[in-house]
Amino acid sequence: TGPLKDMDFSVQEGGGPRILHQFKLEPPAVSFRASGEKAGIIDIEPRTGILYINGSLDWETKQVHKLEVESLDESGKRVKGPFAVTIYVEDINDNPPEFNQTKYYGVVRQNSRPGKPFMYVHATDRDDPATPHAQLSYSILHHFPNPYEEMLFQIDNATGAISPSRKGSYYLDPQKQDTFILVVSVKDMAGTTTNAFTNSVDVIITVKESLWKAPPIIHVKENSTQVHPVNISKVQSNEPGVIYGIFEKEKLPRLPFSISENGDIYVTEPLDREEKDTYTFFVVSKDNTGELVDKPLQIHIVVEDINDNPPVCHQDLTIIEVQENEKGGSNIGTVFATDMDKKDTLNSRLHFQIQSQEPEFPLNNLFYIQQDTGTLQLAGRSLSKRDSAKYFLKVLVTDSKFETICNVEVHVIDINDQIPIFKNSDYGSVTVAEDIAIGSVILEIEATDGDEPATGSSLIIYQVKEGNPNNTFIIETDSETNRGFIRINKALDFETMPEYNLVINATNPEPLVKDVQYNSSSLTVLKVFVTNVDEPPVFRKPFYKTEVSEDIPVNTLVMAVEAYDPEGDSVRVSKIFLKDMQGKYAQYLAYGKILFLQKYCLLVEEIYSVEVVVSELNNAAQKSKVFLSLHLDDVNDNYPQIATDYPTFFCFPVSGGERTLIQATDADEQLFYSRFTFSLADEMNAKNNWEVSKFNATHAYLSPKHANFEEKVYDVPIILNDNGKPPLENKVNLKVSICKCSSENSCF
């Protein structure tokens, strides 16, 4: 209750009759009157002043009701007012969402981008949009058919945008399934409560073939005279408004192709098949942010050949040799020519034709050429060198457009109808020493041939046919004189082969004509006697090498060195050297045994080179030598010590925190002293007075544990261990001088 005044009320829609307020009468007023947007259910009781609603308000019909209220006296005159009374209707969730279509139809392309919408559904709710009552959330209830565990489509719960899922982008294929039905649900209250209103609708989706696909192989004719650029193909993305681009698969100086904003592919200049016959590149589509819209397409270009190359002769002059006895129809050679146009096409097909012949033959041409192969044949009969030793031909080579002349020279050569004949059928014997140098000529031989000089029919090749084991002898021919020179090819050895009986034949590189055979006239014999030469002894090995431990016992056998004399004489060792100290460390005994004589330290030498000299027993001048490499392996046989370059006396000012660095070393190889261990011996109260701490593998710090020292020299027993194999341990008494002084310098 309250006095009459301007008032606002908020009333939830629905809910039935209710009392909003009671205005108090103030004399002389005896009643109230209301006017305005009463909607037939809002009024005031005149006598009591009760403002009431006799029914239910509806937010969807009217959200605000404006009234005026005034008080009246007995005569009906206004006492106060009018005052504004405003009733605001509050919305409740009393309306379900409704789709703007009873059924939706959409089209999606194969391989469309995941998450890229291809259609929308839209629903509205009559409730207050400023409240959750009208906030809608979309989802896919069902998916028919659904061949996979994951859905092929997805929907934006706020906008209703439908797009392929990642699975759908990959698997959607109109050949497998071209129609899908989605049941799309919409909920108000943003879909967050269980009592929200729900509605659903069917969405029929048709899957169509992707527009984004590579064109078939594009064929472009070379050397086009069209005005460039020339359109040769087109691509189209599944999405509108994309930006097309090209990038190379091959690294070329230039790529003669471009693409327009509409996806038209152009060749930008004439192509040359002989320069490059195929091209491969990729076409891409991007959105305005630079992100790829579709997978890159690979474009293949094949450059088609045109006849733009003339035939080319392989040689400026083709020379063909023909024997006199060649029969008519024989193949005597081939004229070779090529065409750079595409192989196995009419553009590169060649025809051969003899255009002219010099000298001309009175009756007809002597030669015939196969028009498709260029094979040259004798036309009718054999050639005679008496008629002409040479013929000059001009061969016309043509393709469908061009022609070329190839020059051919035919040489008529003598037939090989004469065999080589030795001047001597027996060259007797020659005697050579077994130490003759390799390459030495021991005899000159000669045969003659009646065929035409300086041809393959008259050139003579000499070979040792028999009696030449291991190819000990070779024969070289002087091509100008046809003389043969017998040379030593491998070292002779009297002890192995004191005599050779050589059978030598003479032949031609050109085959003999039919019915002519080599006979005994083309053979000769020669005896070679090898004389003995006193040779020095020979060691079984060119070099001897062995390893021994440095602690090897005296008189241990180190190596057996064996030598022999090729003539079978007895041998003996005449000298043995070891670093110019003969016999000090090793000696040679009978049968070539090397004994170790004296124990010594590795530090003297790690590798010793022993020179062994052997000579014949009856001829000391015949001698040979060999080297023995003796490698001594180190043994861990040296005890660790304190390094000599460190002082044995140390001075500590004993003012706190003092320490000094000590170093350990030993004479063994690095392998055995790479890590030392330092410790204090359990004597002379050392552990109570001193402390040793490791610095690195070879050094440690020594420091006093307190300052209560007398001014004197202390013995500090330190145990050094080299951790070798076997480990060696040594106790060293380190002298440490302690002096008490005002400064460190005064101690010294």
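Residue 1 is where the sequence shown starts when you use full-length UniProt numbering, and the numbers rise one by one after that. Every residue, glycine too, gets a C-beta built ideally from N, C-alpha and C.
query, result
"Candidates Thr206, Val184, Gly241, of which the one nearest Gln175 by Cα", "Thr206"
"Ile738 to Leu632 span [Cα, whole Å]", "46 Å"
"Bridge-paired residues (DSSP) for Ser629", "Lys545, Ser609"
"Any beta strand (DSSP E) of 3 or more consecutive residues that is wholly inside the segment 468-518", "473-478, 483-488, 499-507"
"Whole-angstrom distance between Glu403 and Leu271, CA atom to CA atom", "24 Å"
"Contact set for Lys116: own chain, Cβ-Cβ below 6 Å, skip 5 residues either direction", "Ser163"
"Member of Val186, Tyr171, Glu248 whose CA lies at the smallest distance from the CA of Ile210", "According to the sequence displayed, residue 210 carries Ser and not Ile. Looking at the Cα atoms, Tyr171 is the closest of the given residues."
"Integer-rounded CB distance, given that Val267 should sit under 8 Å from Phe257", "6 Å"
"Member of Pro28, Val610, Asn482, Gln154 whose CA lies at the smallest distance from the CA of His143", "Gln154"
"Cutoff 7 Å; reference Arg381; Cβ partners in own chain excluding five residues on either side", "Gly328"
"Helix, strand or coil at Lys731 [DSSP, three-state]", "strand"
"Leu72 - partner residues in DSSP beta bridges", "Ser31, Arg78"
"Burial state of Glu424 (16 or more Cβ within 10 Å)", "Here residue 424 turns out to be Asn, not Glu, going by the sequence shown. Looking at its Cβ environment, which holds fewer than 16 other Cβ atoms inside 10 Å, Asn424 is exposed."
"Identity of the residues DSSP links to Thr124 by a beta bridge", "Glu98"
"C-alpha distance - Thr496 paired with Val538, whole-angstrom precision", "15 Å"
"Beta-carbon spacing of Glu711, Leu720 below 8 Å", "no"
"C-alpha distance - Ile445 paired with Val613, whole-angstrom precision", "45 Å"
"Check whether Cys406 and Thr318 have beta carbons under 8 Å apart", "yes"
"Inter-residue spacing [alpha-carbon to alpha-carbon] between Ile204 and Tyr88", "44 Å"
"Inter-stretch contact at 8 Å, needing at least 3 Cβ pairs: the segment 463-470 / the segment 546-553", "no"
"Bridge partners - Pro704, DSSP secondary structure assignment", "Trp690"
"Counted within 10 angstroms of its Cβ, other Cβ atoms place Leu557 as buried (16 or more) or exposed", "exposed"
"Where Asn347 falls: helix, strand or coil (DSSP)", "helix"
"Secondary structure of Met151, DSSP reduced to three states", "coil"
"Nearest-angstrom Cβ-Cβ length linking Gln323 and Ile415, presumed shorter than 8 Å", "5 Å"
"Range of the contiguous alpha helix (DSSP H) that encloses Tyr170", "166-171"
"Cutoff 6 Å; reference Leu67; Cβ partners in own chain excluding five residues on either side", "Ala34, Gly36, Val85"
"Assigned secondary structure, Val11 (DSSP; H/G/I helix, E/B strand, else coil)", "strand"
"Meets three-Cβ-pair contact criterion under 8 Å: the segment 429-436 and the segment 342-359", "no"
"Touch test, the segment 91-107 against the segment 10-19, Cβ-Cβ under 8 Å, three pairs minimum", "yes"
"Counterpart residues of Met684 in DSSP-defined beta bridges", "In DSSP, Met684 forms no bridge with anything."
"Simplified DSSP state of Pro174, which is helix, strand or coil", "coil"
"Extent of the continuous beta strand (DSSP E) run through Lys394", "390-398"
"Distance between Pro147 and Gly55 (C-alpha atoms, nearest Å)", "55 Å"
"Spatial distance of Thr398 from Glu409 (CA atoms)", "20 Å"
"Boundaries of the beta strand (DSSP E) in which Val283 is found, first to last residue", "278-286"
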